[in-house]
Amino acid sequence: MKLQLETFPWHLVHPRYWFIWFLFFIWWIFAQLPYPILMRLGNFLGAVVFRFDTDRKRVAKRNIDLCFPSWDEFQKKKLLRENFASMGKAAFEIGIAWWWSEKRFAQLIKFEGVHHLNRDDRKGTLLLGIHYTTLEIGAAAATYICDKLDGMYRAHNNPVFDYIQARGRMSKAGGTTQVFERRDVRACLRGLKSGRALWFGPDQDYGLSSGIFAPFFNVAAATVNTTARFSRSANAKVVPFSHVRMPNCEGYKVIFYPPIEHFPAGNDLEDAILINGIIENLILLQPEQYLWVHRRFKNRPAGEPDVYF
18 MKLQLETFPW HLVHPRYWFI WFLFFIWWIF AQLPYPILMR LGNFLGAVVF
68 RFDTDRKRVA KRNIDLCFPS WDEFQKKKLL RENFASMGKA AFEIGIAWWW
118 SEKRFAQLIK FEGVHHLNRD DRKGTLLLGI HYTTLEIGAA AATYICDKLD
168 GMYRAHNNPV FDYIQARGRM SKAGGTTQVF ERRDVRACLR GLKSGRALWF
218 GPDQDYGLSS GIFAPFFNVA AATVNTTARF SRSANAKVVP FSHVRMPNCE
268 GYKVIFYPPI EHFPAGNDLE DAILINGIIE NLILLQPEQY LWVHRRFKNR
318 PAGEPDVYF
């Protein structure tokens, strides 16, 4: 289902939503601060979360241990701390992506490899993204290059959050961006077949109803075959892209890579291994900026214990 924002949902002004509206107002005020200040605030917020959110810290630590077994403890602890600092910055980057003007936002972005998109209105493009902590920045930046960009979303439990999130994501590219509930496969395919681009991140554990186990950093991980299925069904090319935060408050680098050749191969396991390998390489660009708090190895092959205890 496409999210409709043509009219304001007036039921959201009910008093029971006033507090969440107030929190968003505070968030919006913070987002107006200069970029260097926001990044310093992000470091502070990340340190606070690192200190008190033991569950997320435990999951991230376990993922890092599994994915980088050859690293020593100092390297892994450093990555863990830097990852929480990156997540703290992400809280303010969401405000940047949703509420900064296009002119101000564009000053932060540097693009590379745009020619790999080679937009052809007769052929759709599947943007192979991953869940960096800079996800909202990357999605907003992509709309500057892909003026017909669709995205997939999971509805938030709070309707005010859901509305503001969708409005923020659809605010760029002159409002031509569309977002679909992630189960609405038909709408996504219609867009691809009509020549639109679709952002899709297959790097999370969505279960095994539409996937198989494939190695991810040499650990079996439930991997969806949606990337291959969408590419095959819509005759769409698959273009990996990354969006990483540069040091010293220099903004963000958004890179589009060459389309994946000879894909899909027709073998689910081979296709999943290829996609996971590309994702691994994208993560290794800036491993501290990846969303390590996600339970990537939640589902296990038969007989294997829960890795998160």
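Residue numbers (our numbering): 18 to 326. Positions of the beta carbon are idealized from the N, C-alpha and C atoms, including for glycine. Given the structure is predicted, the values throughout are model-derived calculations rather than measurements.
Q | Spatial distance of PHE101 from ALA48 (CA atoms) | A | As a working note, residue 101 is residue 84 in the sequence shown. As a working note, residue 48 is residue 31 in the sequence shown. Computed Cα separation, rounded: 19 Å.
**Q.** Minimum C-alpha distance to THR244 - residue among LEU291, GLU119 and VAL66
**A.** To locate residue 244, count along the sequence shown from 1; it is residue 227. Cα-wise, what sits closest to THR244 is LEU291.
Q) Exposed or buried, what is ALA282 when buried is set at 16 or more other beta-carbons lying within 10 Å of its beta-carbon? A) As a first step, residue 282 is located in the sequence shown; it is residue number 265 there, counting from the start. The residue is exposed, with fewer than 16 neighbouring Cβ atoms inside 10 Å.
Q: Using beta-carbon positions only, say whether THR194 and PRO219 come within less than 8 Å of one another.
A: As a position in the sequence shown, residue 194 is number 177, starting the count at 1. As a position in the sequence shown, residue 219 is number 202, starting the count at 1. No, they are not a contact pair.
Q: Identify, in the order they occur along the chain, each residue of the same chain with its Cβ nearer than 7 Å to the Cβ of ALA231, setting aside the five sequence neighbours on each side.
A: Indexing the sequence shown from 1 puts residue 231 at position 214. Same-chain partners within the cutoff: ALA238, THR240, LEU286, ALA289, ILE290 and ASN293.
Q. Would SER248 be called buried (16 or more neighbouring beta carbons within 10 Å of its own) or exposed?
A. To locate residue 248, count along the sequence shown from 1; it is residue 231. Result: buried.
Q: Report yes if the CB atom of ARG199 is closer than 8 Å to the CB atom of ARG171, and no otherwise.
A: The residue you call residue 199 lines up with position 182 of the sequence shown. The residue you call residue 171 lines up with position 154 of the sequence shown. In contact: ARG199 and ARG171 (Cβ atoms closer than 8 Å).
Q: Give the straight-line distance between the Cα atoms of HIS311 and ALA77, rounded to the nearest whole angstrom.
A: Counting from 1 along the sequence shown, the entry for residue 311 is found at position 294. Counting from 1 along the sequence shown, the entry for residue 77 is found at position 60. Rounded to whole angstroms, HIS311 to ALA77 spans 7 Å at the Cα level.
Q) Where does LEU308 fall in DSSP's three states? A) Here residue 308 corresponds to residue number 291 of the sequence shown, with the count starting at 1. In the structure shown, LEU308 sits in coil (DSSP, three-state: anything other than H, G, I, E or B).
Q | Integer-rounded CB distance, given that VAL131 should sit under 8 Å from GLY168 | A | Here residue 168 is taken as the residue at index 151 of the sequence shown, counted from 1. Here residue 131 is taken as the residue at index 114 of the sequence shown, counted from 1. Not confirmed; about 19 Å, so no contact.
Q: Identify every run of the beta strand (DSSP E) within the stretch 150-201, keeping only runs that are complete inside it and at least 3 residues long; order them along the chain.
A: 166-170 and 195-198
Q. Going straight from the alpha carbon of GLY208 to that of ILE154, what length do you get?
A. Counting from one through the sequence shown, the residue named residue 208 turns up at place 191. Counting from one through the sequence shown, the residue named residue 154 turns up at place 137. Using only the alpha carbons, I get a separation of about 22 Å.
Q | Selection from VAL30, SER87 and ILE46 that minimises the alpha carbon distance to ASN235 | A | Against the sequence shown, residue 235 aligns to sequence position 218. If we check each option's Cα against that of ASN235, SER87 comes out closest.
Q: Using the DSSP secondary-structure output, state which residues sit across from LEU129 in a beta bridge.
A: The residue labelled residue 129 in the question sits at position 112 within the sequence shown. At residue 129 the sequence reads Glu, which differs from the Leu that was named. DSSP lists ILE272 as partners of GLU129.
Q: State buried or exposed for ARG33, treating a residue as buried only when at least 16 other CB atoms are found within 10 Å of its CB.
A: Within the sequence shown, residue 33 is the residue found at index 16, counting from 1. It counts as exposed.
Q: Look at the Cβ atom of GLY141, then the Cβ atom of ALA214, and state whether they are nearer than 8 Å.
A: For the purposes of this step, residue 141 is taken as the residue at position 124 of the sequence shown. For the purposes of this step, residue 214 is taken as the residue at position 197 of the sequence shown. The answer is yes: Cβ separation under 8 Å.
(Q) Looking at the secondary structure, which residues open and close the alpha helix (DSSP H) in which LEU40 lies? (A) The sequence position of residue 40 within the sequence shown is 23, counting from 1. It spans 35-48 - the alpha helix (DSSP H) in which LEU40 sits, taken as one unbroken run.
Q: Indicate whether LEU144 and PHE36 have their beta-carbon atoms separated by less than 8 Å.
A: Position 127 of the sequence shown holds residue 144. Position 19 of the sequence shown holds residue 36. Result no, Cβ atoms of LEU144 and PHE36 do not sit closer than 8 Å.
Q) Are LEU134 and VAL255 closer than 8 Å when you measure CB to CB? A) Within the sequence shown, residue 134 is the residue found at index 117, counting from 1. Within the sequence shown, residue 255 is the residue found at index 238, counting from 1. Contact flag unset, no.
Q | PRO53 to PRO304 span [Cα, whole Å] | A | Counting from 1 along the sequence shown, the entry for residue 53 is found at position 36. Counting from 1 along the sequence shown, the entry for residue 304 is found at position 287. Spanning the two alpha carbons is a distance of roughly 22 Å.
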